[in-house]
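If you're matching them up, the sequences are chains Z and H in order. If you read the first sequence in this note's numbering, its first letter stands for residue 1, the second for the next number, and so on. If you read the second sequence in this note's numbering, its first letter stands for residue 1, the second for the next number, and so on.
2 protein chains.
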Amino acid sequence: MNTETVLDVAMSAYWQSDPADVSVNTVCQMASISKPSLYREFGSEDGLKRAVLDSYADKVLSDMFLIIQGGRGLEETLGALIDFASADPRMETGCLFYKMRAGKHRLGPTTRARVEEINSAAQAAYVAFLQSCRDKGEFTTALSVGAGATYLGEQLALAITQRASGEDPARIRQMLTLALSVFTRA
Amino acid sequence: MNTETVLDVAMSAYWQSDPADVSVNTVCQMASISKPSLYREFGSEDGLKRAVLDSYADKVLSDMFLIIQGGRGLEETLGALIDFASADPRMETGCLFYKMRAGKHRLGPTTRARVEEINSAAQAAYVAFLQSCRDKGEFTTALSVGAGATYLGEQLALAITQRASGEDPARIRQMLTLALSVFTRA
DNA sequence: GGATTAAAATACCATTTGGTACAAAAATGA
DNA sequence: TCATTTTTGTACCAAATGGTATTTTAATCC
């Protein structure tokens with residue numbers, strides 16, 4: 001049984017619907033493997049989800065981090081984030097990480113821990129980005145860097161979550177652009 | 001068996017945790033009634049949830065509608081909404097309606113229909129409010145009334161949802177104030 | 001009080017959940 | 001080719017889910 005294949009199948013299932021709505025049984029029959037095989041490889045449902053999340057972070061979230069850490073200016077970076085959130089086809093059914101975070105009380109301990117880890121890393125990345133913008137004199141609002149980072153993160157999460165519920169991408173872009181306009185309009 | 005009591009118990013349970021995480025069995029033993037009694041009164045889980053949502057709309061959401069339809073000005077109304085979302089003790093564990101809306105794919109048909117109904121009513125209320133502000137010359141942004149209404153609704157939902165996950169109310173107020181500043185700062 | 005009717009609870013149903021004991025295959029070694 | 005080891009799948013487990021048939025209890029009527 002190919003571990004990589006199982007991870008892909010599970011990720012796709014969790015991502016398309018919701019980690020809480022996909023059972024281990026379902027994953028097994030979608031991947032055409034037996035349940036003991038899966039448990040031998042991942043130990044538990046929690047282990048599987050954690051592995052899937054790791055894989056997701058590697059394949060998808062990394063691209064988002066690249067945008068934030070690209071070293072570009074405020075407007076350009078915000079624009080890229082808006083593009084990503086409102087138009088990237090991979091976010092059409094939302095973000096697996098945000099789905100997990102939204103239902104983190106339904107996750108096992110190791111997956112939840114990983115979710116919190118990633119969340120902290122994202123927050124830190126937003127902070128670093130905004131701080132660099134402030135240093136460059138692009139981010140001159142009274143708003144603190146920490147608060148701005150939280151705000152930015154939550155607005156992105158909101159936008160991407162809305163894509164999962166089928167909202168019109170153009171509308172989402174409009175809303176997100178409006179929300180993030182607080183960074184550029186003093 | 002007191003129907004009102006059962007509704008209160010169920011509402012409290014759904015509200016405090018999440019409608020998807022509270023089973024019919026749990027509701028029964030919390031209300032100290034037998035399962036057939038509950039099914040005789042509400043027909044199904046969907047029926048119970050729908051009844052609870054109706055009761056919730058009557059007891060809680062009505063207050064939110066009162067704020068919006070109070071006929072007061074833009075700044076004052078937004079301030080009241082910010083207060084409600086970030087400080088009202090009843091929103092400490094979030095809003096039952098928003099929880100249902102967030103997990104509406106997990107709801108039965110009648111409850112889901114009611115959720116959509118309430119959602120439309122809320123949107124309409126936001127539209128009416130913003131339109132009246134525009135008529136009074138308080139809302140002069142390029143933003144359309146419809147888009148503004150959607151934005152307002154989503155930002156409130158976000159803020160209240162964050163309260164359910166234990167975020168610091170002061171932080172939430174700050175974020176929401178920032179988000180809604182787009183209405184008053186041109 | 002005794003018969004009838006309305007209310008409630010016990011005890012069950014099928015299905016699904018996460019998880020595993022154990023037997024059947026398949027690959028490896030000599 | 002035969003024995004050993006590793007891999008895989010069948011068949012099961014207990015618990016919980018939403019929902020119900022049937023029996024017991026309680027109230028009503030005469």
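Note that CB positions come from ideal geometry on N, CA and C, so glycine has one too. Quick caveat: nothing in here was measured; it's all calculated off a predicted structure.
Express the C-alpha separation of Pro-89(H) and Leu-152(H) in angstroms, rounding to a whole number.
A direct Cα-Cα distance of roughly 21 Å separates Leu-152(H) from Pro-89(H).
Look at Gln-123(Z) and Thr-150(Z) and say whether their C-beta atoms are less than 8 Å apart.
Closer than 8 Å, so yes.
Report the rounded CA-to-CA distance for Phe-65(Z) versus Phe-129(Z), giving the unit in angstroms.
Going from the Cα of Phe-65(Z) to the Cα of Phe-129(Z) covers about 10 Å.
With 16 other Cβ atoms within 10 Å as the buried cut-off, status of Asp-83(Z)
Under this definition Asp-83(Z) is an exposed residue.
Collapsed DSSP secondary structure at Cys-95(H) in the structure displayed
In this structure, Cys-95(H) counts as coil in the three-state DSSP scheme.
Strictly below 7 Å CB to CB, what residues from chain H border Arg-163(Z)?
Simply none; closest approach about 13 Å.
At least one CB of chain H closer than 8 Å to the CB of Ala-13(Z): is that the case?
Under the 8 Å criterion on CB atoms, Ala-13(Z) is classed as non-interfacial with respect to chain H.
Using the rule of at least 16 other Cβ atoms within 10 Å of the residue's Cβ for burial, across every protein chain shown, is Arg-50(H) buried or exposed?
Buried is the label assigned to Arg-50(H), since at least 16 other Cβ atoms lie within 10 Å of its Cβ.
On a CA-only basis, which of Glu-154(H), Arg-163(H), Ala-164(H) and Ile-160(H) is nearest Ile-160(Z)? Give me that one, please.
The shortest Cα separation from Ile-160(Z) among Glu-154(H), Arg-163(H), Ala-164(H) and Ile-160(H) belongs to Glu-154(H).
Output needed in chain order: residues of the stretch 157-181 of chain H with a Cβ under 8 Å from some Cβ in chain Z.
Contact residues of the stretch 157-181 of chain H toward chain Z are Leu-158, Gln-162, Arg-171, Gln-174, Met-175, Leu-178, Ala-179 and Ser-181 (C-beta to C-beta distance below 8 Å).
Gly-70(Z) versus Ala-125(Z) - alpha carbon distance:
Between Gly-70(Z) and Ala-125(Z), the C-alpha separation is close to 11 Å.
How about the stretch 14-31 of chain Z and the stretch 71-82 of chain Z: do they share at least three Cβ pairs that are nearer than 8 Å?
Segments in contact, no.
Enumerated in chain order, which unbroken segments of the alpha helix (DSSP H) with a length of 4 residues or greater are wholly contained in the stretch 79-149 of chain H?
Annotation note: the stretch 79-149 of chain H contains the following uninterrupted alpha helix (DSSP H) runs of length 4 or greater, listed N- to C-terminal: 96-102 and 109-136.
Spatial neighbours of Gly-108(Z) within its chain, please: C-beta separation below 6 Å, excluding the five flanking residues on both sides.
Hits under 6 Å: Asp-46.
In chain order, what residues of the same chain have a beta carbon less than 7 Å from the beta carbon of Arg-112(H), not counting five sequence neighbours either side?
Apart from the 5 residues on each side of it in sequence, Arg-112(H) sits with its Cβ closer than 7 Å to the Cβ of Lys-104 in its chain, given in chain order.
Integer Cβ distance of Leu-38(H) from Leu-48(H), believed to fall under 8 Å:
At roughly 7 Å, the Cβ-Cβ gap stays under 8 Å, so Leu-38(H) and Leu-48(H) are in contact.
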